[in-house]
Amino acid sequence: MKRFSLLLVVYACLLGCSEPSLKKVVELDGGLSLVSKQLEFTSGTPIQLSFEEEKRKNLLLVVQNGWGTTVLYPDMDSKQMVFTLPNFMTKKAGWVDWQLKYLENEVSTGAFLITPNPVKGKDMEVYVGPTDIFADGKDHTMMVALPQDKYGNPMPDGSQVITTLKTKGRFSTDTLRSENMYAFKYITAGKSKDTYFIGAHYGDQASKEFTVGVLPTHATDFSIEVNRVHSFADGNQIVSFTTTPIKDGNSNIVADGTLVNFLVKDDSDNYLKTIGQTINGVATGKLLHPEKPSHWIVKANVSGSANSNILEVNFEEAVSDFSIQLSKDGQQLSIGPIQGYMQQLVPDGSLITVEIQNQEGTTIHEIETTSRKGRALLDLPDFFDEKLHNMLVAVGGTTKQIGKESK
Numbered sequence: 496m497k498r499f500s501l502l503l504v505v506y507a508c509l510l511g512c513s514e515p516s517l518k519k520v521v522e523l524d525g526g527l528s529l530v531s532k533q534l535e536f537t538s539g540t541p542i543q544l545s546f547e548e549e550k551r552k553n554l555l556l557v558v559q560n561g562w563g564t565t566v567l568y569p570d571m572d573s574k575q576m577v578f579t580l581p582n583f584m585t586k587k588a589g590w591v592d593w594q595l596k597y598l599e600n601e602v603s604t605g606a607f608l609i610t611p612n613p614v615k616g617k618d619m620e621v622y623v624g625p626t627d628i629f630a631d632g633k634d635h636t637m638m639v640a641l642p643q644d645k646y647g648n649p650m651p652d653g654s655q656v657i658t659t660l661k662t663k664g665r666f667s668t669d670t671l672r673s674e675n676m677y678a679f680k681y682i683t684a685g686k687s688k689d690t691y692f693i694g695a696h697y698g699d700q701a702s703k704e705f706t707v708g709v710l711p712t713h714a715t716d717f718s719i720e721v722n723r724v725h726s727f728a729d730g731n732q733i734v735s736f737t738t739t740p741i742k743d744g745n746s747n748i749v750a751d752g753t754l755v756n757f758l759v760k761d762d763s764d765n766y767l768k769t770i771g772q773t774i775n776g777v778a779t780g781k782l783l784h785p786e787k788p789s790h791w792i793v794k795a796n797v798s799g800s801a802n803s804n805i806l807e808v809n810f811e812e813a814v815s816d817f818s819i820q821l822s823k824d825g826q827q828l829s830i831g832p833i834q835g836y837m838q839q840l841v842p843d844g845s846l847i848t849v850e851i852q853n854q855e856g857t858t859i860h861e862i863e864t865t866s867r868k869g870r871a872l873l874d875l876p877d878f879f880d881e882k883l884h885n886m887l888v889a890v891g892g893t894t895k896q897i898g899k900e901s902k
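Put into structure tokens, the structure is as follows:
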């Protein structure tokens, strides 16, 4: 009980001690009035707030604007209570709130407006994007312009911005008025491949030049043709597949570098693929001739967009004849001379395959080699027996046989 009574006495003393301090602040408030009645300033000009009060210790001015909050103290050479805003705050347009404080207690508050400087900046902030659009008559890019004064403050709403647009067929201008600090415009693509040149100016304040590429849209179906020096399956020459000029739905040549896939299926259900890139709308894919007679089905496509016609390409035997001979001990096989379709020796590197079969006709061993000067010499496995095994030798689609079943 004694402890509780002591707490009450202390609390009462505290209340009594704090009351004169609060009254003192209220009295201060009555004696401090703002001398300067100006509520609007131009950015970049000196700004001072004066109060009808001689300098007093512990008084300070808290100022807040778009840059943040700053604490100011009275000017030392002034007899009145004069607070001068720093230069960096005077250059920022917008509302400025202030609070006059004494010993951390608020004495007076107010606000004033800093308007943009009438002197325009040299450069205008302009943004354009996207920088690539499609020539479909629907896609568009957007230009946003921010006219500003020499300190980078946005100019008042209604400021007049002139835009310019240069396309392949015309030159045009348009007048925009800023709202909420900026002016904007949508620029819709035409249906022809083009490059748009875009600019804007606000009086003497100009933007840089912007370019927007108007690109072809998705490719449409096209045709392919085959080009080759001969039709023989020599595994040596190159066969080329070339597209007609690939265009979009508005007859624009597709962009250079468009990938075209050339797909080939042979008569053994094997698949081959080559890729070409367009130049001026034309792409070419290349493959080596097969090494044996074959029938190809060829088709091309631009992924997810366009397809070609189907080509059928036949390859004939490239080897007309060759001889094979076993050594006396049956452990070496001599192949050649191997003659091509013009009775010439086949090129070096022509593939030669040898299959050894058992009595049931099952392949039990395979050997691959290549020709050199139209010939080849092979070492056979030790188990090979001409009387027990059959050997098939294939070059360029022509096959010859040695062994049990050969006559």
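Here the sequence shown is numbered in my numbering, starting from 496 and rising by one per residue.
Just so you know, even glycine gets a beta-carbon here, dropped at the ideal spot from N, CA and C.
Keep in mind the model is a prediction, meaning the values are calculated, not measured.
Distance cut-off 7 Å: residue i Cβ against heavy atoms of the ligand FMN
i, result
"Asn-853", "Among the components modelled here there is no ligand, and therefore nothing to report on the ligand FMN."
Start-to-end residues for the alpha helix (DSSP H) that takes in residue i
i, result
"Met-584", "582-585"
Beta-carbon gap between residue i and residue j smaller than 8 Å
i, j, result
"Lys-587", "Gly-561", "yes"
"Val-577", "Val-566", "no"
"Phe-878", "Ser-803", "no"
"Thr-706", "Phe-692", "yes"
"Ser-538", "Tyr-646", "yes"
"Phe-757", "Ala-795", "yes"
"Val-623", "Met-638", "yes"
"Ile-733", "Lys-768", "no"
"Gly-799", "Phe-817", "no"
"Ile-833", "Val-759", "no"
"Leu-875", "Gln-839", "no"
"Leu-873", "Thr-865", "no"
Contact belief for residue i with residue j at Cβ below 8 Å, rounded distance in angstroms
i, j, result
"Val-749", "Thr-773", "6 Å"
"Ser-726", "Asn-853", "Actually they do not touch by this definition, with Cβ atoms about 37 Å apart."
"Ser-913", "Met-619", "What the structure shows of the chain is the stretch from 496 to 902, and residue 913 is not part of that stretch, so it cannot be assessed."
"Glu-881", "Gly-825", "5 Å"
"Pro-651", "Gln-643", "No, Pro-651 and Gln-643 are not in contact; Cβ-Cβ is about 11 Å, not under 8 Å."
"Lys-868", "Asp-843", "7 Å"
Buried or exposed (CB count within 10 angstroms, at least 16 for buried), residue i
i, result
"Gly-563", "exposed"
"Val-793", "buried"
"Gly-776", "buried"
"Lys-518", "With a pLDDT of 29 at Lys-518, under the threshold of 50, the modelled position of that residue is not reliable, and the figure given next carries that caveat. Exposed is the call here."
"Ser-746", "exposed"
"Ile-770", "exposed"
"Val-814", "buried"
"Ser-763", "exposed"
"Asp-631", "buried"
"Gly-835", "buried"
"Leu-534", "exposed"
"Val-521", "Residue confidence is low: Val-521 scores 34 on pLDDT, short of 50, so the model does not pin down where it sits. Its coordinate-derived value is still stated next. When all chains shown are included, Val-521 counts as exposed."
"Lys-688", "buried"
"Ser-829", "exposed"
"Asn-612", "buried"
"Trp-590", "exposed"
"Gly-744", "exposed"
"Met-584", "buried"
"Gly-694", "buried"
"Ala-871", "buried"
"Thr-738", "buried"
"Gly-653", "exposed"
"Ile-819", "buried"
Other residues of its chain near residue i: CB distance less than 7 Å, five sequence neighbours each side excluded
i, result
"Gly-730", "Leu-783, His-784, Pro-785, Glu-786, Ser-845, Leu-846"
"Pro-569", "Lys-550, Leu-554, Met-576, Val-577, Phe-578"
"Thr-670", "Gln-655, Ile-657"
"Tyr-681", "His-635, Met-637"
Other residues of its chain near residue i: CB distance less than 6 Å, five sequence neighbours each side excluded
i, result
"Gly-892", "Ala-728, Lys-787, Pro-788, Glu-812"
"Gln-543", "Val-577, Thr-579"
"Lys-661", "Phe-692"
Span of the beta strand (DSSP E), counted from its first residue to its last, around residue i
i, result
"Val-849", "846-852"
"Asn-747", "Element bounds for Asn-747: n/a, residue is neither H nor E."
"Ile-542", "Looking at the DSSP string, Ile-542 is not in any beta strand (DSSP E), and its letter there is neither H nor E."
"Pro-832", "827-835"
"Ser-798", "No beta strand (DSSP E) holds Ser-798; DSSP gives it neither H nor E."
"Lys-768", "766-772"
"Glu-863", "858-865"
"Asn-722", "719-722"
"Gln-914", "With the chain covering 496 to 902 only, the question about residue 914 has no answer from this structure."
"Glu-601", "600-610"
"Thr-894", "893-898"
"Asp-824", "Counting along the chain, Asp-824 falls outside any beta strand (DSSP E), and DSSP gives it neither H nor E."
"Trp-590", "589-597"
Spatial neighbours of residue i in its chain, beta-carbon cut-off 8 Å, leaving aside the 5 residues before and after
i, result
"Ile-628", "Asp-634, His-635, Thr-636, Ala-684, Val-707, Gly-708, Val-709, Leu-710"
"Ile-741", "Ala-714, Thr-715, Phe-717, Ile-748, Val-749, Thr-753, Val-755, Thr-773, Gly-776, Val-777, Ala-778, Val-797, Ala-801"
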